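>
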Amino acid sequence: QKKKLILPVWFGSEEMVPSSETATVRVLCQKLLLSENQPGNLQWLIGSPFFPPFTVVSTFRCIHHSSDFQQESDDLRKLLPKGFEVIGGLIVGDSDAEKSAFEAVRAARRLRKHLSEGGELDDEKIVGASCDIRTGTIHFFISKNEKATKLEPVASVVYEDKSGKYLWENGCLLQCELPIKLPFYFPASSPSDSKEKFSDAIDAVITQFKEPYAVYIAETLNKSSGDVAKPIVLRGKVFGFGADASNINRLPAADQVSDIKMLSCSHFCLNSKTAPAVNSAENADKIHISVLLNRSEKFPTSGAPVAEYFPAMEEARLIVVDLNLDVLTYAPKDLPLMHAVSNLVIPALVDQLYSLKKIILPYLLMEHPQLRIYHFNPPGVLHPITTIYELNYGETEMKQVDVRKSLHLRLGLPLNRPLLRTANALDFSVNDDSRSNVKKRGSILLKDVHIGIPSSGVTEGVSSLIQGSYEYYHYLQDGFDDSGWGCAYRSLQTIISWFRLQHYTSIAVPSHREIQQTLVEIGDKDTSFVGSREWIGAIELSFVLDKLLGVSCKIMNFRSGSELPEKCRELAMHFENQGTPIMIGGGVLAYTLLGVDYNEGSGDCAFLILDPHYTGSEDHKKIVNGGWCGWKKAVDSKGKSFFLQNKFYNLLLPQRPNMV
Numbered sequence: 060q061k062k063k064l065i066l067p068v069w070f071g072s073e074e075m076v077p078s079s080e081t082a083t084v085r086v087l088c089q090k091l092l093l094s095e096n097q098p099g100n101l102q103w104l105i106g107s108p109f110f111p112p113f114t115v116v117s118t119f120r121c122i123h124h125s126s127d128f129q130q131e132s133d134d135l136r137k138l139l140p141k142g143f144e145v146i147g148g149l150i151v152g153d154s155d156a157e158k159s160a161f162e163a164v165r166a167a168r169r170l171r172k173h174l175s176e177g178g179e180l181d182d183e184k185i186v187g188a189s190c191d192i193r194t195g196t197i198h199f200f201i202s203k204n205e206k207a208t209k210l211e212p213v214a215s216v217v218y219e220d221k222s223g224k225y226l227w228e229n230g231c232l233l234q235c236e237l238p239i240k241l242p243f244y245f246p247a248s249s250p251s252d253s254k255e256k257f258s259d260a261i262d263a264v265i266t267q268f269k270e271p272y273a274v275y276i277a278e279t280l281n282k283s284s285g286d287v288a289k290p291i292v293l294r295g296k297v298f299g300f301g302a303d304a305s306n307i308n309r310l311p312a313a314d315q316v317s318d319i320k321m322l323s324c325s326h327f328c329l330n331s332k333t334a335p336a337v338n339s340a341e342n343a344d345k346i347h348i349s350v351l352l353n354r355s356e357k358f359p360t361s362g363a364p365v366a367e368y369f370p371a372m373e374e375a376r377l378i379v380v381d382l383n384l385d386v387l388t389y390a391p392k393d394l395p396l397m398h399a400v401s402n403l404v405i406p407a408l409v410d411q412l413y414s415l416k417k418i419i420l421p422y423l424l425m426e427h428p429q430l431r432i433y434h435f436n437p438p439g440v441l442h443p444i445t446t447i448y449e450l451n452y453g454e455t456e457m458k459q460v461d462v463r464k465s466l467h468l469r470l471g472l473p474l475n476r477p478l479l480r481t482a483n484a485l486d487f488s489v490n491d492d493s494r495s496n497v498k499k500r501g502s503i504l505l506k507d508v509h510i511g512i513p514s515s516g517v518t519e520g521v522s523s524l525i526q527g528s529y530e531y532y533h534y535l536q537d538g539f540d541d542s543g544w545g546c547a548y549r550s551l552q553t554i555i556s557w558f559r560l561q562h563y564t565s566i567a568v569p570s571h572r573e574i575q576q577t578l579v580e581i582g583d584k585d586t587s588f589v590g591s592r593e594w595i596g597a598i599e600l601s602f603v604l605d606k607l608l609g610v611s612c613k614i615m616n617f618r619s620g621s622e623l624p625e626k627c628r629e630l631a632m633h634f635e636n637q638g639t640p641i642m643i644g645g646g647v648l649a650y651t652l653l654g655v656d657y658n659e660g661s662g663d664c665a666f667l668i669l670d671p672h673y674t675g676s677e678d679h680k681k682i683v684n685g686g687w688c689g690w691k692k693a694v695d696s697k698g699k700s701f702f703l704q705n706k707f708y709n710l711l712l713p714q715r716p717n718m719v
């Protein structure tokens, strides 16, 4: 299904009259404009040769000066998987939309030349767009070719619904990991020759990728499925390199294929999936490609291995460079597997080798940087991205923080959320379509138990909920009896699990004893407190969060439970802006608040309560049906309130750290 929005056609001059060939732009990404309306802000429009023309999948912000297209192209070559490409530009400009769009087109064509590393004319049709700085309206145009001096208007813009489904029902990912130990020699008397020799060694590896004796083994990464296709061996001699991806003939799905050239990527894709599993890169069908060199295929005679000796004419120095390639590419499922490897995977390996080479060259005769490739699928970006991180630096060191800030800026990600840390990286080692639970100390912990619960009952209320995942901690878990005194400890564990799962911290969720030990270490409690069954409250929780996570907290005090509904709007703002779980303490009882549902007109409200006093097994249905996780009305139909009027309450509101 798609939502079609026909925008009014804007004409830059009276001479621009729409023709029958006027194009339609399709927008898949949720947000086109990544930054504030500042004049001159330039963004790249990303599409795919496998999609209909002028389909915008995502947008990347140009973060280098407009004249430094070499650095910009180097960054995008590392970041953007093969199967996606720059199809145009969008610029924030003045009221002359055509003039601004033409500037975006010129910039996009220059970037495309750098990305293709060719000087030929760019004859492809591309999109030019401009955003009016005063109104925020975006106008689209089409540029026919590089020589065109005028832009064509766009008749309509279609905004697709369920855009993730658009990508992943018809497409898949191909991943190739290739560790290389690359030795090279250079004269000891001439260290300056080392860079040339290293470059020659890189070129020799690239040549081997395209040799007839190169072997590529394709196999599925969907090991959890019972019906797993057998691996397929592709040999370099059957490849055709340099084909235009958009003109490659597609193949229908077939159960039995005798000619390997007629085998499509769908051979390794699951025929059936649950609905949620097709809408993200993390759950997409994946094909793993391994690279081997088979020099002895069908050798006419058998014989012993032969070693060739080439004596150095002078004293030489040996350097071995470790290169761990890891590329990810996107392909439609009906694309021939042979073409997916030869025209997507191999070019991706070549580009990544050159990227690693540029990083290593300045340090060639010193300690080499520890480089690691990671793939991410941050929120708001429909397709995965690839980054190269230097592991010499810790994640909190400023150089690595600056790298992530730059990526956040380019992708339009918030600068206060850790979305591109190594813990956020896609993990292709296991593929399980079911929602995974977390195992800790022998117990299986449920995640996000509020999902799927009945509605709150607030008429025309607006729900404001926790942002992100958490684990449900409650009485008697891990074989530890804390019934009657450990509810605040369990609420704290749930809160810390939220910070872990959002990658703000990597520390383990602390036990009751570790929480008590922390309070002793900061001087809040005596040593006798460790191992006791004493209660803790909002103040103690704030001390522990500050000590272990560096998280600050806001505390709200109420003299009576009847005062809580009066703060419903403020609590809603907390969930909208901070999104963290809240601890509610009342006397000797503690609960975890996951959201509010509030009708501002009537004042009716409900609170989404996660109750740590539950003592049963990790049974989601039992927990929900028993009311251990559900909405509690401020005042129900019988006039009763979940919060007692004669009880003092305090709320602990953890603040989300500003960090990337």
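The numbering of the sequence shown is our numbering, which starts it at 60 and goes up by one.
A virtual CB, placed ideally from N, CA and C, is assigned to each residue, including glycine.
Bear in mind that the values here come from a model prediction, so they are computed numbers and not experimental data.
Taking only three categories from DSSP, how would you classify V386?
strand
> Give me the Cα-Cα distance between Q89 and G439, rounded to the nearest whole angstrom.
7 Å
> For C688, which residues of its own chain have a beta-carbon under 6 Å away from its beta-carbon, when the five flanking residues on both sides are left out?
So the list reads V508, H509, L669, I682, once near-sequence residues are dropped.
> Grouping DSSP H, G and I as helix and E and B as strand, with all else coil, what is E183?
coil
> Excluding the 5 residues preceding and the 5 following L226 in the sequence, name in chain order all residues of the same chain whose CB lies nearer than 6 Å to its CB.
L441
> Just reading off the alpha helix (DSSP H) that K691 is part of, what are its end residues?
No alpha helix (DSSP H) contains K691, which is instead part of the beta strand (DSSP E) from 688-692.
> Exposed or buried, which one is N204 when buried takes at least 16 other CB atoms within 10 Å?
exposed
> What are the partner residues of F435, as DSSP defines its beta bridges?
I444
> Exposed or buried, F113, counting other C-beta atoms within 10 Å across all chains shown (16 or more means buried)?
buried
> Could you tell me how far apart the beta carbons of L241 and V380 are, in whole angstroms, since I believe they sit closer than 8 Å?
So it is a contact: roughly 5 Å between Cβ atoms.
> Look at I444 and L138 and say whether their C-beta atoms are less than 8 Å apart.
yes
> Write down the C-beta distance between D171 and D182 rounded to the nearest angstrom, noting that I regard them as a contact closer than 8 Å.
First, the residue type needs correcting, since residue 171 is Arg and not Asp in the sequence shown. Not quite, the Cβ-Cβ distance comes to about 11 Å (not below 8 Å), so this is no contact.
> Which ranges would you report for the alpha helix (DSSP H) in the region 575-625 if only whole runs of at least 4 residues count?
597-608
> For the beta strand (DSSP E) containing F243, list its first residue and its last residue.
Run containing F243: 230-246, per the beta strand (DSSP E) assignment.
> Tell me which residue opens and which closes the alpha helix (DSSP H) that Q129 is part of.
128-138
> Quick check on the burial criterion: 16 or more other C-beta atoms within 10 angstroms. Buried or exposed for G620?
G620 comes out buried.
> At the level of alpha carbons, what is the spacing between K269 and H347?
So the alpha carbons of these two residues sit roughly 18 Å apart.
> Pop quiz: L524 and F634 are said to be a contact at Cβ under 8 Å. What is the actual Cβ separation, rounded to whole angstroms?
6 Å
> Cα-Cα, which of P250, E228, A156, R169 is closest to A209?
Per the sequence shown, the amino acid found at residue 209 is Lys instead of Ala. Closest option to K209, judged by alpha-carbon separation, among P250, E228, A156, R169: A156.
> Hey, quick one: how far does the beta strand (DSSP E) through S514 stretch, first residue to last?
Unbroken run through S514: none, as it is neither H nor E.
> Which residues in the same chain as G295 place their Cβ atom closer than 6 Å to its Cβ, once the five residues preceding and following it in sequence are excluded?
E270, P271, A273
> Under 8 Å between the Cβ atoms of T481 and Y433?
yes
> Under a three-way DSSP split, which group does A665 fall into?
For A665, the secondary structure class from DSSP, reduced to helix, strand or coil, is strand.
> Take A484 as the anchor and find which of V151, A340, S189 has the nearest alpha-carbon.
A340
> Give the DSSP bridge partners of V365, in chain order.
DSSP lists no partner for V365.
> Just to confirm my understanding: we take Q721, look at its own chain, exclude 5 residues before and 5 after, and list those with CB closer than 6 Å. What are they?
Summary: the structure shown does not reach residue 721, with the chain confined to residues 60 through 719, and so no result is reported for it.
> Taking the alpha helix (DSSP H) that Y413 falls in, what are its first and last residues?
405-419
> Using only alpha-carbon positions, find the residue among A247, S154, I239 that is nearest to I261.
I239
> Output the boundary residues of the beta strand (DSSP E) element that contains Q459.
From DSSP, Q459 is part of no beta strand (DSSP E) but of the alpha helix (DSSP H) over 457-470.
> Does K506 come out as helix, strand or coil in the three-state DSSP assignment?
strand
> What separation, rounded to the nearest whole angstrom, lies between the Cα atoms of C231 and V404?
13 Å
> Just checking, does the region 456-466 make contact with the region 101-113 on the three C-beta pairs under 8 Å criterion?
no
> Name, in chain order, the residues that DSSP records as bridge partners for T224.
The identity of residue 224 in the sequence shown is Lys, whereas the question assumes Thr. DSSP lists no partner for K224.
> Since I believe A163 is in contact with L149 (beta carbons under 8 Å), could you give me their beta-carbon distance rounded to a whole number of angstroms?
6 Å
> Does DSSP put A263 in a helix, in a strand, or in coil?
Taken through DSSP and simplified to helix, strand or coil, A263 comes out as helix.
> Taking the alpha-carbon positions, what's the L551 to V603 distance?
9 Å
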